[in-house]
Amino acid sequence: MADVLEQPQMGLNFEDVWAAIMKTQAHVDQTTANVDKMAERVDKVSKNVGGLNRSMGELIETLIAARLWEKFDAYPYKFRRAYQRVPLFDETDRILTDIDILLSNGEFVMPVEVKASLHRIDDVDRHLKRMELILKYPPAECKGKTLIGAMAGGAVDPDVQAYAHGVGFFVLELTGESVRLVKPPLGFIPRQW
């Protein structure tokens, strides 16, 4: 009798299926680990960018705040004190907003809103609302004093500058290493609250 060769089986056995599942699971685990690492990197980049934006804003505030009161010596205010990031609390001690720079003397206070780039009219409108909040919930330094507002920016859009002057705000702009008080239009009268 001739030897009969056995035909290989075409089906899969348990060991083959299990090996394929384990290999797939290893790929899934590696992909998951790669995605997790990528998510961590994205989080770090986001935090760094957010920190950079915050740092840039703080740098602009610091540059503008330096001896800012001197810019108003031609006016009757004679500011001699400056505060930065003054929080504004409601009656439940919840922080509503803050004042970037607050100039003060015995009679007047000037909340100054600082933007890295003052190019949106709604920034001016938000500062108008902030002025109303300061009236309603005045910090200790503002109580009993007349408010006069100002907007400041590292760069100031001419249309926004005109709008800010139109609502009675002074406007300041960085110029290299210093800050200048933008000359108000003829007939400008600063609004008092």
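Okay, so the sequence shown: first residue is 17 according to this note's numbering, each after it adds one. Where a beta carbon is used, it is the ideal one built from N, C-alpha and C, also for glycine.
Quick one: what's residue 162 bridged to in DSSP? To locate residue 162, count along the sequence shown from 1; it is residue 146. Residue 162 pairs with 124.
Whose CA, out of 110, 123 and 177, lies closest to the CA of residue 92? The residue labelled residue 92 in the question sits at position 76 within the sequence shown. Out of 110, 123 and 177, 123 has the C-alpha closest to the C-alpha of residue 92.
Could you give the DSSP three-state label for residue 171: helix, strand or coil? In the sequence shown, counting from the first residue as 1, residue 171 sits at position 155. Three-state DSSP puts residue 171 in a strand.
Contact belief for residue 133 with residue 178 at Cβ below 8 angstroms, rounded distance in angstroms: Taking the sequence shown and counting its residues from 1, one reaches residue 133 at position 117. Taking the sequence shown and counting its residues from 1, one reaches residue 178 at position 162. Actually they are not in contact, since the Cβ atoms of residue 133 and residue 178 sit about 16 angstroms apart, beyond 8 angstroms.
Among 155, 88, 135 and 57, which one has its Cα closest to the Cα of residue 103? If you number the sequence shown from 1, residue 103 lands on position 87. For residue 103, the closest of 155, 88, 135 and 57 by C-alpha to C-alpha distance is 155.
Could you tell me whether the Cβ atoms of residue 127 and residue 165 are closer together than 7 angstroms? For the purposes of this step, residue 127 is identified with residue 111 of the sequence shown, where counting begins at 1. For the purposes of this step, residue 165 is identified with residue 149 of the sequence shown, where counting begins at 1. Yes. Within cutoff.
Flag this pair as yes or no: are the beta carbons of residue 87 and residue 197 separated by less than 7 angstroms? Working through the sequence shown from its first residue, we reach residue 87 at position 71. Working through the sequence shown from its first residue, we reach residue 197 at position 181. Result yes, Cβ atoms of residue 87 and residue 197 sit closer than 7 angstroms.
How about residue 149 and residue 112: are their beta carbons less than 7 angstroms apart? Along the sequence shown, one-based indexing puts residue 149 at 133. Along the sequence shown, one-based indexing puts residue 112 at 96. Yes, they are a contact pair.
Nearest-angstrom Cβ-Cβ length linking residue 100 and residue 77, presumed shorter than 8 angstroms: Residue 100 sits at position 84 when you count from the first residue of the sequence shown. Residue 77 sits at position 61 when you count from the first residue of the sequence shown. Correct: roughly 6 angstroms between the Cβ atoms.
Consult DSSP for residue 30 and reduce its assignment to one of helix, strand or coil. For the purposes of this step, residue 30 is taken as residue 14 along the sequence shown, with counting starting at 1. Residue 30: helix per DSSP, three-state reduction.
Buried or exposed by the 16-neighbour rule on C-beta atoms within 10 Å, applied to residue 205: For this step, residue 205 is matched to residue 189 along the sequence shown. Residue 205 comes out exposed.
Please name the residue in 118, 45, 37 and 137 whose C-alpha comes closest to that of residue 182. Position 166 of the sequence shown, counted from the start, is the residue given in the question as residue 182. Out of 118, 45, 37 and 137, 137 has the C-alpha closest to the C-alpha of residue 182.
Which of helix, strand or coil does DSSP assign to residue 78? The sequence position of residue 78 within the sequence shown is 62, counting from 1. In the three-state scheme derived from DSSP, where H, G and I count as helix and E and B as strand, residue 78 is classed as helix.
By alpha-carbon positions, which one of 143, 174, 106 and 83 ends up nearest to residue 209? Walking along the sequence shown from the start, residue 209 turns up at place 193. Looking at the Cα atoms, 143 is the closest of the given residues.
Within 10 angstroms of the Cβ of residue 147, are there 16 or more other Cβ atoms? Answer buried if so, exposed if not. In the sequence shown, counting from the first residue as 1, residue 147 sits at position 131. Buried, since its Cβ has 16 or more Cβ neighbours within 10 Å.
Rounding to the nearest angstrom, what Cα-Cα distance links residue 108 and residue 158 in this structure? Translated into positions along the sequence shown, residue 108 becomes position 92. Translated into positions along the sequence shown, residue 158 becomes position 142. Cα to Cα, residue 108 sits roughly 19 angstroms from residue 158.
Would you mind stating whether residue 163 and residue 125 have Cβ atoms separated by less than 7 angstroms? The count along the sequence shown starts at 1 and reaches residue 163 at position 147. The count along the sequence shown starts at 1 and reaches residue 125 at position 109. Taking 7 angstroms as the cut-off, the Cβ atoms of residue 163 and residue 125 count as close.
Looking at the secondary structure, which residues open and close the beta strand (DSSP E) in which residue 187 lies? Here residue 187 refers to the residue found at position 171 of the sequence shown. Per DSSP, residue 187 belongs to the beta strand (DSSP E) from 186 to 191.
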